[in-house]
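Chains as they are written, first to last, in the working numbering: chain A, 1 to 369; chain B, 1001 to 1544. Below is one structure, written out as C-alpha cells, with a few remarks after it.
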C-alpha cells in the first residue's frame, strides 16, 4: 500500500494535505472515477460540494442510458427474486450479460421452472444478440444479432406483439412472430439487459414492449447494473443532491448535466484544472489524454499514463473492508462483510482526511446562501 | 446547559396548558422551573407561540421509490431549491439534507416514513441517516409477501404470524407495520387488474380482509404501540367511500390507522360519477373511536405520486403529467411513481381538495385525525403551512373556494363548514396525538422529562407565514433553527421497536430464503454500523 507525493513516499497526513492544496487552488476541481462504496460516495460528494467542483463515475455512460430513458419515457422493472420465482418467460437482450452479472444464471435458476408460476412449466427463454455460447449456457433460444441490429429487431418484435403488419417473407420476422406469440402467452415474463451492452434506443424499445405486453399480461424488466458500484453511486447521489452523477456545484447548488459534467470532456476541454480520481474496485486509471494534475485514490496495482501528484492506495469494498454497495443479486443496496479483512485504507476515510485538510477558511460553498 | 424560554404563550394540550409562561431546558430535556440557579441562556419569547416539536406520522421522505422519483424528475428540482442555510448540501433541492432543513424550519422534529419494503430497509435507513436534525421512524410493509400469505393460507395461527411480523419489524428497524392494498400487489403479479376488500388473491385463496385482520391482530399481540397502518383497497376511485366504511367496520373495534383517508372519501354522485363523501366517512370515523386517520390533503400544484400500491399506480399511468412513470414489481409490494399536476380548475382535483378539508373539519376529535398531505402524493410537505392556514380560517377557505369550479364545489359540504382550528387543536393534532399513536412518551408535550423538542413561532396573523418559518426550534435542547434558518446540523435517530417473538421463526425464514431464493436472509439486514452515524437508532417500548 503506497502513499506517494510527487512520486516519493510520504505520511498519509502529508499526502492528504498536498491533495487538499491542489484541490482548493483549482478553479474547477473534478472528482472522477468514483469507483467506491456508499460511504466513499457520501464523502466524495460532500467534498465536491465544499470545493464547488463536479463529480462523475467511470461507468456513468452505461447507467445513464437507463436513466435517460427512464426520465424521458419511464421504466418498468422487477427484482432478481421475482424473476427467479415467477418468470415463466425470460428474454435476454444483448451481449456479455453473463460477464456483467456472473451469478445471473444460477441466481435466476433459469434451468428450472419458476416456483410461483401458476402452471409450473419449463421456462421459455430467448436471447437476442448474445455473445458466443451465452444462449446455450442459459438454455435459451438464440436470435443472433449485432448490437447495432437490436433496436430494429426489438421494434419488429414490438410490432409483432402489437399485431402490426410486418414483412411476411423475411425469415427473421417469422421467427420474431413466434417469439411475439410466446411473449403474449407468458404469465409473468421478464426482460433482462444491461446498459453496458445495449444503447438508449434498445432500452427505449424494451420499455415500449413492456408497456404493450402489460396491456394483456404481466411482463417486467430487469436491468443489469454496470460495475464499480455505479448504481450504488447513482442512488447515493440521488438522495444527496436530487440528481445522479455528472453533477456540479459551481454555482453553489447542484446542477446536473450529462454533457457539461462528463469527466473526460471537462478535462479535455480544459474546464477541469485538477482532479481526484477514485477507483477502489480495480486498477482503472483515468482515460483523459490532457495532463491535468490529479490525485489518485486507487487499488495498488493501478498504472497511470502519467504520474499523479498524490497517490494513495486503498482496499476494495467488500474484500478488504465491510461496505454498503448495490448488490445486483438483490436489486438493492446491501451491507456486505469483508471477504478478506485487511488494514488497507478506505476511500471514505481518505476523502474525509483530504476534506479536513482543506483550508478552514475555504468558503466556496457558502456564497449561495 | 440550562436554558430558559421566557414569557411565551405555551400551548401544551397534553398537560392542559395554554397560557403565558416559561419553559426550562436542561441539556436535552424539559425540566421543572428552576429557582435559585441562573440559566446559561435566556430567550425572551414574549408574544411568541410555544409548542412541542411537531410529529409527522406519514410522509414519504426516504427509500428506493422516493429516490427513483428524484431521478425520474430532474426538471422539478429547480422549484424545490430553497437554499435555506449554509450547511452541507443544504442547497440541494428535494434531497435528504433539504428534507431535514425544511421540516425543522416548520417546527417538526420527528417524521415517519410510512412505506419501507423489508428488502429495501437498508436503503431507506441510509437515506434517513442523511436527513439532518429530525428524528425519524419507518413502517415496515407487509401484506403482499408469500411468506405471510402462506402462513395465513396454511392456518399457521396467530402466534406464528406474530412471530413473523415481530421478526420483520425488528430486523428492518421499523417502528410499526404498514399494509398497502393487502393482497393486491400479489394479485397483480397474477394479472389481476382491480382488487377490493373481499377479492381473493389467486393461488392463496385469501381475501384482502383476511390479510388485514391477521396483521392487525399480530400488531396487537406483539404490543407494538402503533396500530396497523393501513392503505386500504380502491384508492382514488369514485364510490370508494363504501370500501373505507367497510374497512372501518372490518376493524371490529380493534385499533386501526387508516392512511390518507381523503383518497377514499369519494362518492358517485353527479353527472361525472365523482363527489365528496367526506361527510359520510367522517361520521363513520367519529362513530368508531378505535380508528385513527391521516388525511392526505391534496393541494393544487405539480407533484409526484409515490406509492407501493403498484396496482393502483399501474392503473394511474394514463394520468401521468409529465407523461412518464416508473412501475416496480418488487419483492412482495413494489410500487409506482407517477408524476401528477393537481389543478384548481380541474373538477376532480377540486373535489379532492375539498373533501380533505371536510375530513379535517368534520372529524370532531383532533386526537384521531392527523395532518398529512401523504407527501408527495397529495402535495409536498412544504405546503403544510398553507394547509394550517386553511383549517384555521373559514375566510381563507372561502377565498380558495371562490376560484374553484362551481360544479365541484356543489359536490362537497365544505362551504357550509364554519369550524376553525385553534392553536390548541393544532398542537393536539400535530404533537400530542401522534406521540400517543406512535407510543412516543418522551415527546409531543412540554412537561418535565420530555425531550426538549420545542418549536417557537411568531404569532403572525398570516398563519402560513408563521408555520413556514419558526422563530426558534430546539432539537434535544439544541437550538437548530433561528428565524427559519438552520444554524447547524445534528443527526437524529431512527426510532424503532424490538418486539419479543419466538426466534424459531428466524431459522425458518433462513431456510425459506436459502431454498426458495438461493440467497441468505441475512443479506437484507440493517446493521447500525452500515449507516455511518453515531447511535443511529432510538428504542420505543413495546408493551401488551
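Even glycine gets a Cβ: it sits at the ideal position worked out from N, Cα and C.
Note to self: Using a 10 Å radius around the Cβ and a threshold of 16 neighbouring Cβ atoms, would you call residue 11 of chain A buried or exposed?
What the structure shows: By 1-based counting over the first chain, the position of residue 11 of chain A is 11. With fewer than 16 other Cβ atoms within 10 Å, it is exposed.
Item checked: Interface partners of residue 188 of chain A on chain B, CB under 7 angstroms -> Taking the first chain and counting its residues from 1, the one referred to as residue 188 of chain A is at position 188. Residues of chain B passing the Cβ test: 1189.
Check: Taking one C-beta from the region 134-142 of chain A and one from the region 83-99 of chain A each time, how about it: are there three or more such pairs within less than 8 angstroms?
Finding: yes
Next item on the list: Give a yes or no on whether 7 angstroms exceeds the smallest Cβ distance from residue 300 of chain A to chain B.
Entry: Along the first chain, read from residue 1 onward, the residue named residue 300 of chain A stands at position 300. No, because no Cβ of chain B sits closer than 7 angstroms to the Cβ of residue 300 of chain A.
Check: Where DSSP assigns a beta bridge to residue 89 of chain A, which residues make up the other side?
Finding: The residue given as residue 89 of chain A occupies position 89 in the first chain. Its beta-bridge partners are A/124 and A/189.
Check: How about residue 102 of chain A: is its C-beta nearer than 7 angstroms to some C-beta of chain B?
Finding: Taking the first residue of the first chain as position 1, residue 102 of chain A is located at position 102. With 7 angstroms as the cut-off, residue 102 of chain A does not count as an interface residue toward chain B.
Checklist line | Residue burial classification, residue 1481 of chain B (beta-carbon count within 10 angstroms, cutoff 16) | finding: By 1-based counting over the second chain, the position of residue 1481 of chain B is 481. With 16 or more Cβ atoms within 10 Å of its Cβ, residue 1481 of chain B is classed as buried.
Notebook entry, point to check: Per DSSP, what kind of secondary structure is residue 79 of chain A in: helix, strand or coil?
Noted result: Within the first chain, the letter at position 79 stands for residue 79 of chain A. In the structure shown, residue 79 of chain A sits in coil (DSSP, three-state: anything other than H, G, I, E or B).
Next item on the list: Please check the pair residue 333 of chain A and residue 199 of chain A, which I expect to be a contact at CB under 8 angstroms, by giving their CB distance rounded to whole angstroms.
Entry: Residue numbering aside, residue 333 of chain A sits at position 333 when the first chain is read from its first letter. Residue numbering aside, residue 199 of chain A sits at position 199 when the first chain is read from its first letter. Not really, about 27 angstroms apart at Cβ, beyond 8 angstroms.
Margin query: I'd like to know if residue 239 of chain A contacts chain B, where contact means its C-beta is closer than 7 angstroms to some C-beta of that chain.
Written below: Taking the first residue of the first chain as 1, we reach residue 239 of chain A at position 239. It does: the Cβ of residue 239 of chain A has a partner Cβ on chain B nearer than 7 angstroms.
Notebook entry, point to check: Is the distance from the Cβ of residue 1183 of chain B to the Cβ of residue 1165 of chain B below 7 angstroms?
Noted result: Counted from its first residue, the second chain places residue 1183 of chain B at position 183. Counted from its first residue, the second chain places residue 1165 of chain B at position 165. No, the pair does not count as a contact, with Cβ atoms beyond the cut-off.
Next item on the list: Enumerate in chain order the residues of its own chain whose CB-to-CB distance from residue 273 of chain A is below 7 angstroms, with the five nearest sequence positions on each side excluded.
Entry: Within the first chain, residue 273 of chain A is the residue found at index 273, counting from 1. Taken in chain order, the residues that qualify are 26, 27, 28 and 292.
Notebook entry, point to check: Between the C-alpha atoms of residue 152 of chain A and residue 194 of chain A, what's the straight-line distance to the nearest angstrom?
Noted result: Position 152 of the first chain, counted from the first residue, corresponds to residue 152 of chain A. Position 194 of the first chain, counted from the first residue, corresponds to residue 194 of chain A. Distance between the alpha carbons of residue 152 of chain A and residue 194 of chain A is about 17 angstroms.
Item checked: Close-in-space but distant-in-sequence residues of the same chain around residue 1423 of chain B (CB under 7 angstroms, 5 per side omitted) -> Position 423 of the second chain, counting from 1, holds the residue named residue 1423 of chain B. So the qualifying residues of the chain are 1011 and 1049.
Notebook entry, point to check: Are the CB atoms of residue 254 of chain A and residue 241 of chain A nearer to each other than 7 angstroms?
Noted result: Position 254 of the first chain, counted from the first residue, corresponds to residue 254 of chain A. Position 241 of the first chain, counted from the first residue, corresponds to residue 241 of chain A. Closer than 7 angstroms, so yes.
Next item on the list: Give the interface partners of residue 1545 of chain B over in chain A, defined as CB-CB distance under 7 angstroms, in chain order.
Entry: For chain B, the structure presents residues 1001 to 1544; residue 1545 of chain B sits outside this window and is missing.
Checklist line | Length of the line joining the Cα atoms of residue 1502 of chain B and residue 1162 of chain B | finding: Position 502 of the second chain, counting from 1, holds the residue named residue 1502 of chain B. Position 162 of the second chain, counting from 1, holds the residue named residue 1162 of chain B. Approximately 9 angstroms, taken between the alpha carbons.
Note to self: Let me see if you follow: with CB-CB separation under 7 angstroms, is residue 1342 of chain B close to chain A or not?
What the structure shows: The count along the second chain starts at 1 and reaches residue 1342 of chain B at position 342. Not one chain A Cβ lies under 7 angstroms of residue 1342 of chain B.
Note to self: Please classify residue 356 of chain A as buried or exposed, where buried requires at least 16 neighbouring CB atoms within 10 angstroms.
What the structure shows: What you label residue 356 of chain A is simply residue 356 of the first chain in a count that begins at 1. Exposed: under 16 other Cβ atoms inside 10 Å.
Next item on the list: Run through the region 1220-1266 of chain B for me and flag every whole beta strand (DSSP E) of 3 or more residues, listed as ranges in chain order.
Entry: 1229-1231 and 1256-1258
Checklist line | Near-chain B residues of the region 44-74 of chain A - C-beta to any C-beta below 9 angstroms | finding: 45, 46, 49, 50, 67, 70, 71, 72, 73 and 74
Check: Where residue 1236 of chain B and residue 1243 of chain B are concerned, what is the direct C-alpha to C-alpha distance, given to the nearest angstrom?
Finding: Mapped onto the second chain, residue 1236 of chain B falls at position 236. Mapped onto the second chain, residue 1243 of chain B falls at position 243. The alpha-carbon atoms of residue 1236 of chain B and residue 1243 of chain B are separated by roughly 11 angstroms.
Checklist line | Start-to-end residues for the beta strand (DSSP E) that takes in residue 370 of chain A | finding: The shown model of chain A, from 1 to 369, leaves out residue 370 of chain A, and the question about it has no answer.
Notebook entry, point to check: Should residue 256 of chain A be flagged as near chain B, meaning a C-beta pair shorter than 7 angstroms?
Noted result: As a first step, residue 256 of chain A must be located in the first chain, where it is residue number 256. True, the Cβ-Cβ gap to chain B drops below 7 angstroms.
Next item on the list: Could you check the C-alpha separation between residue 1362 of chain B and residue 1279 of chain B for me, to the nearest Å?
Entry: Mapped onto the second chain, residue 1362 of chain B falls at position 362. Mapped onto the second chain, residue 1279 of chain B falls at position 279. Residue 1362 of chain B and residue 1279 of chain B: Cα-Cα distance of roughly 7 angstroms.
Checklist line | Nearest residue (CA-CA) to residue 1427 of chain B, options B/1033, B/1043, B/1051 and B/1223 | finding: The count along the second chain starts at 1 and reaches residue 1427 of chain B at position 427. Checking every option, the nearest Cα to that of residue 1427 of chain B belongs to B/1051.
Next item on the list: Sort out for me which residues DSSP pairs residue 1024 of chain B with in a bridge.
Entry: One-based indexing of the second chain puts residue 1024 of chain B at position 24. In DSSP, residue 1024 of chain B forms a bridge with B/1004 and B/1031.
Checklist line | alpha helix (DSSP H) segment containing residue 106 of chain A, residue limits | finding: The residue you call residue 106 of chain A lines up with position 106 of the first chain. 104-108 is the extent of the alpha helix (DSSP H) around residue 106 of chain A.
Item checked: Interface flag, residue 330 of chain A vs chain B, CB-CB below 7 angstroms -> Residue 330 of chain A sits at position 330 when you count from the first residue of the first chain. Yes, contact with chain B.
Next item on the list: Tell whether a beta-carbon distance below 7 angstroms holds between residue 226 of chain A and residue 62 of chain A.
Entry: One-based indexing of the first chain puts residue 226 of chain A at position 226. One-based indexing of the first chain puts residue 62 of chain A at position 62. Contact: yes.
Next item on the list: Tell me whether residue 1399 of chain B is buried or exposed, calling it buried when 16 or more other Cβ atoms sit within 10 Å of its Cβ.
Entry: Numbered from 1 along the second chain, position 399 holds the residue referred to as residue 1399 of chain B. With fewer than 16 Cβ atoms within 10 Å of its Cβ, residue 1399 of chain B is classed as exposed.
Item checked: Cut-off 7 angstroms between Cβ atoms - residues of its own chain near residue 319 of chain A, not counting five sequence neighbours on either side -> Position 319 of the first chain, counted from the start, is the residue given in the question as residue 319 of chain A. Around residue 319 of chain A: 338, 339 and 340.
Checklist line | For residue 72 of chain A, three-class secondary structure by DSSP | finding: Locating residue 72 of chain A in the first chain gives position 72, counting from the first residue. Reduced to three states, the DSSP call for residue 72 of chain A is helix.
Check: Going straight from the alpha carbon of residue 322 of chain A to that of residue 311 of chain A, what length do you get?
Finding: Working through the first chain from its first residue, we reach residue 322 of chain A at position 322. Working through the first chain from its first residue, we reach residue 311 of chain A at position 311. Computed Cα separation, rounded: 23 angstroms.
Next item on the list: Find out if the Cβ-Cβ distance for the pair residue 70 of chain A, residue 344 of chain A is shorter than 7 angstroms.
Entry: For this step, residue 70 of chain A is matched to residue 70 along the first chain. For this step, residue 344 of chain A is matched to residue 344 along the first chain. Their beta carbons are not under 7 angstroms apart, which means residue 70 of chain A does not touch residue 344 of chain A by this criterion.
Check: How about residue 325 of chain A and residue 214 of chain A: do their beta carbons lie closer than 7 angstroms?
Finding: Here residue 325 of chain A is taken as the residue at index 325 of the first chain, counted from 1. Here residue 214 of chain A is taken as the residue at index 214 of the first chain, counted from 1. For residue 325 of chain A and residue 214 of chain A, no; Cβs fall outside 7 angstroms.
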